[in-house]
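Participant: Handing you this structure, nothing more for now.
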Amino acid sequence: MSERESMPYDVVIVGAGPAGLSAAIRLKQLAAEQGGELAVCVLEKGSEVGAHILSGAVIDPIALDELLPDWREDGCPLAEVPVTENLHWILSAGKHRNLPHALTPPFMHNKGTYTGSLGNLCRWLAGKAEELGVEIFPGFAAAEILFHEDGRVKGVATGDMGIARDGTRKPDYQPGLELHAKYTFFAEGVRGHLSKEIIRQFDLARDSQPQVYGLGIKELWDIDPAKHVPGRVIHTQGWPLGHDANGGGFIYHQAGGQVALGFVTWLNYTNPYISPFQEMQKWKTHPVIAELLKGGKRVSYGARAINDGGLQAIPKLTFPGGVLVGCSAGFLNVPRIKGTHGAMKSAMLAAEAAFAAVQAGREGDELTDYPEAFRASWLYKELSTVRNVVPLVKKYGDTLGSGLAGATMWAEHLGLKMPFTMKHKPDHESLWRKDQVKKPDYPKPDGVLTFDRLSSVFLSNTNHEEDQPVHLTLKNADVPIEHNLPLFDEPAQRYCPAGVYEVVGVEEGDPKFVINAQNCVHCKTCDIKDPTQNINWVVPEGGGGPNYPNM
Numbered sequence: 253m254s255e256r257e258s259m260p261y262d263v264v265i266v267g268a269g270p271a272g273l274s275a276a277i278r279l280k281q282l283a284a285e286q287g288g289e290l291a292v293c294v295l296e297k298g299s300e301v302g303a304h305i306l307s308g309a310v311i312d313p314i315a316l317d318e319l320l321p322d323w324r325e326d327g328c329p330l331a332e333v334p335v336t337e338n339l340h341w342i343l344s345a346g347k348h349r350n351l352p353h354a355l356t357p358p359f360m361h362n363k364g365t366y367t368g369s370l371g372n373l374c375r376w377l378a379g380k381a382e383e384l385g386v387e388i389f390p391g392f393a394a395a396e397i398l399f400h401e402d403g404r405v406k407g408v409a410t411g412d413m414g415i416a417r418d419g420t421r422k423p424d425y426q427p428g429l430e431l432h433a434k435y436t437f438f439a440e441g442v443r444g445h446l447s448k449e450i451i452r453q454f455d456l457a458r459d460s461q462p463q464v465y466g467l468g469i470k471e472l473w474d475i476d477p478a479k480h481v482p483g484r485v486i487h488t489q490g491w492p493l494g495h496d497a498n499g500g501g502f503i504y505h506q507a508g509g510q511v512a513l514g515f516v517t518w519l520n521y522t523n524p525y526i527s528p529f530q531e532m533q534k535w536k537t538h539p540v541i542a543e544l545l546k547g548g549k550r551v552s553y554g555a556r557a558i559n560d561g562g563l564q565a566i567p568k569l570t571f572p573g574g575v576l577v578g579c580s581a582g583f584l585n586v587p588r589i590k591g592t593h594g595a596m597k598s599a600m601l602a603a604e605a606a607f608a609a610v611q612a613g614r615e616g617d618e619l620t621d622y623p624e625a626f627r628a629s630w631l632y633k634e635l636s637t638v639r640n641v642v643p644l645v646k647k648y649g650d651t652l653g654s655g656l657a658g659a660t661m662w663a664e665h666l667g668l669k670m671p672f673t674m675k676h677k678p679d680h681e682s683l684w685r686k687d688q689v690k691k692p693d694y695p696k697p698d699g700v701l702t703f704d705r706l707s708s709v710f711l712s713n714t715n716h717e718e719d720q721p722v723h724l725t726l727k728n729a730d731v732p733i734e735h736n737l738p739l740f741d742e743p744a745q746r747y748c749p750a751g752v753y754e755v756v757g758v759e760e761g762d763p764k765f766v767i768n769a770q771n772c773v774h775c776k777t778c779d780i781k782d783p784t785q786n787i788n789w790v791v792p793e794g795g796g797g798p799n800y801p802n803m
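Here my numbering is used: the sequence shown runs in plain steps of one and ends on residue 803.
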């Protein structure tokens with residue numbers, strides 16, 4: 253018999269990001285409107301709501317307007333900085349040119365959007381959820397999916413606390429807690445480890461394209477007040493990425509004299525010597541960016557994978573007893589670089605389906621009203637418009653591909669639906685052998701404009717209990733040295749933005765693969781990009797990981 257205690261709820265939500273919190277709020281709103289009761293809880297693996305939330309962010313408020321129409325007057329921190337200017341720079345070495353506004357489809361103009369901290373928005377949403385009676389448990393990581401005997405999802409269990417690295421129980425050991433639900437929402441964000449298992453268990457991706465990803469690396473800077481223009485939004489493409497990689501940068505002038513800037517490298521890159529972290533550092537040396545940051549100070553750092561697959565990579569959203577919402581399913585609009593509004597809307601649609609089911613006395617079936625509502629929504633239309641953008645850029649390169657992508661977006665915007673939907677290939681299959689490529693030239697960090705990974709991780713406030721099981725697990729411990737090292741010079745040394753993976757002892761002829769799990773910022777890149785899919789990211793103890801302020 254299990255020593256774990258259990259708690260029953262109508263709906264259990266895994267993840268207190270914008271999707272999970274929007275679902276919780278919508279469920280409670282519906283219960284209040286109907287004069288009924290609905291027990292809802294949200295589990296959050298971060299030490300507090302917002303601790304693990306990382307985004308640029310420029311946010312389209314369309315879903316927030318639907319969920320909480322008075323948010324602008326209700327103390328929401330997002331209302332501080334509306335976007336006032338939207339620029340798109342095409343970079344080459346030492347030069348930049350601005351893409352004329354008229355060439356971009358209207359939905360990319362950022363009219364009516366806001367820029368700010370997504371973490372702070374989530375903290376505000378959590379307060380609204382708690383006012384409605386939602387129970388939120390930060391510091392509790394959902395570690396296991398629970399099933400009924402007939403295979404329906406029954407809920408989740410939190411991880412045991414106080415387990416030593418060798419698997420023994422420490423004096424402060426506490427068993428996990430089981431949370432049982434009529435319906436369980438998986439809102440873990442990109443490449444959630446339970447969501448990944450749910451997709452596999454129920455074969456939810458059988459009719460969709462493989463999900464593909466980018467790695468976003470972000471820094472927050474205090475800059476010279478004379479250079480700060482609140483609400484200015486800049487996106488960049490081109491340099492420093494070459495023919496073997498795609499992506500781009502962002503520069504957002506936010507509240508408090510700060511600039512959020514970052515760089516996204518799509519994880520389909522072919523050169524195993526590419527380091528997304530160093531691409532970001534190199535990008536900052538471009539004269540127009542270096543001038544903006546001159547005299548400023550870096551105050552925070554973080555990294556997170558993002559979904560790039562679009563409409564055709566969204567898996568089946570329902571299974572017996574639960575749903576996928578937000579970035580666990582992949583509702584990001586890549587050319588807009590916006591996923592928050594899509595994550596929120598998907599969660600609200602799922603909440604409405606779950607509430608109707610509970611009210612009808614149902615439990616543990618498939619909420620088929622949810623995907624039907626998605627297909628009828630503005631979100632589906634928006635994602636359909638941009639569905640071929642990423643595949644076109646990947647197939648034809650940055651210049652020609654971007655031109656073709658723009659043409660298709662304009663055509664779709666004007667009502668001419670393209671008669672095709674392009675396909676994806678998994679990111680982990682894209683690497684070329686190390687003898688087929690040249691090593692990129694990256695600048696040495698100067699500690700003023702450019703930095704190393706360990707000093708960056710320090711700014712993320714990342715912390716894990718040292719004496720706990722390593723949460724970056726290998727399916728086969730021999731693969732890094734026997735396969736990845738001779739073929740790809742073990743790319744984990746470079747794709748990880750936190751210095752988690754090292755190969756030591758090469759010069760001595762005795763190479764060993766080292767995992768510094770305490771550095772992990774939970775970006776999930778290793779789980780995505782490892783060429784043999786040998787690395788499996790699982791949750792550490794609740795509360796571990798980064799603690800992002802104002803990110």
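C-beta atoms are modelled at their ideal positions from N, C-alpha and C, and glycine is treated no differently.
Please confirm if Phe607 has its CB atom under 8 Å from at least one CB of chain D.
Facilitator: Looking at the structure shown, chain D is missing, and only one protein chain is on hand.
Participant: Taking the Cβ atom as the reference point for each residue, do Cys374 and Leu273 lie within a distance shorter than 8 Å?
Facilitator: By one-based count along the sequence shown, residue 374 stands at place 122. By one-based count along the sequence shown, residue 273 stands at place 21. Closer than 8 Å, so yes.
Participant: By alpha-carbon positions, which one of Asn498, Phe765, Thr410 ends up nearest to Gly757?
Facilitator: Residue numbering aside, residue 757 sits at position 505 when the sequence shown is read from its first letter. Out of Asn498, Phe765, Thr410, Phe765 has the C-alpha closest to the C-alpha of Gly757.
Participant: Could you check if Lys406 is buried or exposed, using at least 16 other CB atoms within 10 Å of its CB as the buried criterion?
Facilitator: Position 154 of the sequence shown, counted from the start, is the residue given in the question as residue 406. By the neighbour-count rule (16 or more Cβ atoms within 10 Å), Lys406 is buried.
Participant: Measuring CB atoms only, is the segment 713-724 touching the segment 479-486, in the sense that at least three cross pairs come out at less than 8 Å?
Facilitator: They do not touch, by the three-pair rule.
Participant: Could you tell me the alpha carbon to alpha carbon distance between Met253 and Cys772, rounded to whole angstroms?
Facilitator: Along the sequence shown, read from residue 1 onward, the residue named residue 253 stands at position 1. Along the sequence shown, read from residue 1 onward, the residue named residue 772 stands at position 520. Residue placement at Met253 cannot be trusted, given a pLDDT of 41 that sits under 50; the coordinates are not used to answer.
Participant: So Phe438 and Ile450 are in contact, right, with Cβ under 8 Å, and what is the actual spacing, rounded?
Facilitator: Residue numbering aside, residue 438 sits at position 186 when the sequence shown is read from its first letter. Residue numbering aside, residue 450 sits at position 198 when the sequence shown is read from its first letter. Rounded, the Cβ-Cβ distance is 6 Å, consistent with contact.
Participant: So, is Glu262 buried or exposed, given that buried needs 16 or more other C-beta atoms within 10 angstroms?
Facilitator: Here residue 262 is taken as the residue at index 10 of the sequence shown, counted from 1. A small correction: the amino acid at residue 262 is Asp; Glu does not occupy that position in the sequence shown. With 16 or more Cβ atoms within 10 Å of its Cβ, Asp262 is classed as buried.
Participant: Please name the residue, chosen from Gly578, Ser527, Met803, that lies closest to Pro749 on a Cα-to-Cα basis.
Facilitator: Within the sequence shown, numbered from 1, the residue matching residue 749 stands at position 497. Of the candidates Gly578, Ser527, Met803, the one whose C-alpha sits nearest the C-alpha of Pro749 is Ser527.
Participant: Count the other C-beta atoms from every protein chain shown that fall within 10 angstroms of the C-beta of Asn350, then say buried if there are 16 or more, exposed otherwise.
Facilitator: Position 98 of the sequence shown, counted from the start, is the residue given in the question as residue 350. The residue in question, Asn350, is exposed, as its Cβ has fewer than 16 Cβ neighbours within 10 Å.
Participant: Looking only at its chain, what residues have a beta carbon closer than 8 Å to the beta carbon of Glu634, apart from the 5 residues adjacent to it on each side?
Facilitator: Counted from its first residue, the sequence shown places residue 634 at position 382. Only Phe359, Asn585, Gly594 meet the Cβ criterion.
Participant: Going by DSSP, what residues sit across from Thr570 in a beta bridge?
Facilitator: In the sequence shown, the residue the question calls residue 570 occupies position 318. According to DSSP, Thr570 bridges with Val575.
Participant: What does DSSP give as the partner residue(s) for Lys590 in the beta ladder?
Facilitator: Residue numbering aside, residue 590 sits at position 338 when the sequence shown is read from its first letter. Lys590 pairs with Asn585.
Participant: Return the chain-ordered list of same chain residues with a C-beta closer than 6 Å to the C-beta of Glu615, the five sequence neighbours on each side being excluded.
Facilitator: Numbered from 1 along the sequence shown, position 363 holds the residue referred to as residue 615. Correct list, in chain order: Lys434.
Participant: Put Met253 into one of helix, strand or coil per three-state DSSP.
Facilitator: Position 1 of the sequence shown, counted from the start, is the residue given in the question as residue 253. Confidence is the limiting factor: at Met253 the pLDDT is only 41, short of 50, which leaves the residue's position unreliable, though a coordinate-based value still follows. Here Met253 sits in coil by DSSP.
Participant: Could you name each continuous beta strand (DSSP E) segment of 3 residues or more that falls completely within the segment 400-426, going from the start of the chain to the end?
Facilitator: Entirely contained in the segment 400-426, the beta strand (DSSP E) runs reaching 3 residues are, in chain order, 405-410, 413-415, 421-426.
Participant: Which first and last residues belong to the beta strand (DSSP E) in which Glu430 is found?
Facilitator: Within the sequence shown, the letter at position 178 stands for residue 430. Where Glu430 is concerned, the enclosing beta strand (DSSP E) stretches over 430-438.
Participant: Could you give the distance in angstroms between the alpha-carbon of Gln785 and the alpha-carbon of Ala394?
Facilitator: Locating residue 785 in the sequence shown gives position 533, counting from the first residue. Locating residue 394 in the sequence shown gives position 142, counting from the first residue. Cα to Cα, the separation comes out at about 23 Å.
Participant: State the start and end residues of the unbroken beta strand (DSSP E) segment that holds Glu337.
Facilitator: On the sequence shown, position 85 is the one that residue 337 refers to. 337-344 is the span of the beta strand (DSSP E), which, as asked, contains Glu337.
Participant: Do you know offhand how far Gly653's Cα is from Glu531's?
Facilitator: Sequence index remark: in the sequence shown, residue 653 carries index 401 (1-based). Sequence index remark: in the sequence shown, residue 531 carries index 279 (1-based). Using only the alpha carbons, I get a separation of about 21 Å.
Participant: Which whole-angstrom value describes the C-beta separation of Pro423 and Arg256, a residue pair presumed to lie in contact below a C-beta threshold of 8 Å?
Facilitator: By 1-based counting over the sequence shown, the position of residue 423 is 171. By 1-based counting over the sequence shown, the position of residue 256 is 4. In fact, because the Cβ distance is near 19 Å, the residues do not count as touching under 8 Å.
Participant: Indicate the three-state DSSP secondary structure (helix, strand or coil) for Val264 in the structure shown.
Facilitator: Residue 264 sits at position 12 when you count from the first residue of the sequence shown. Strand, per DSSP.
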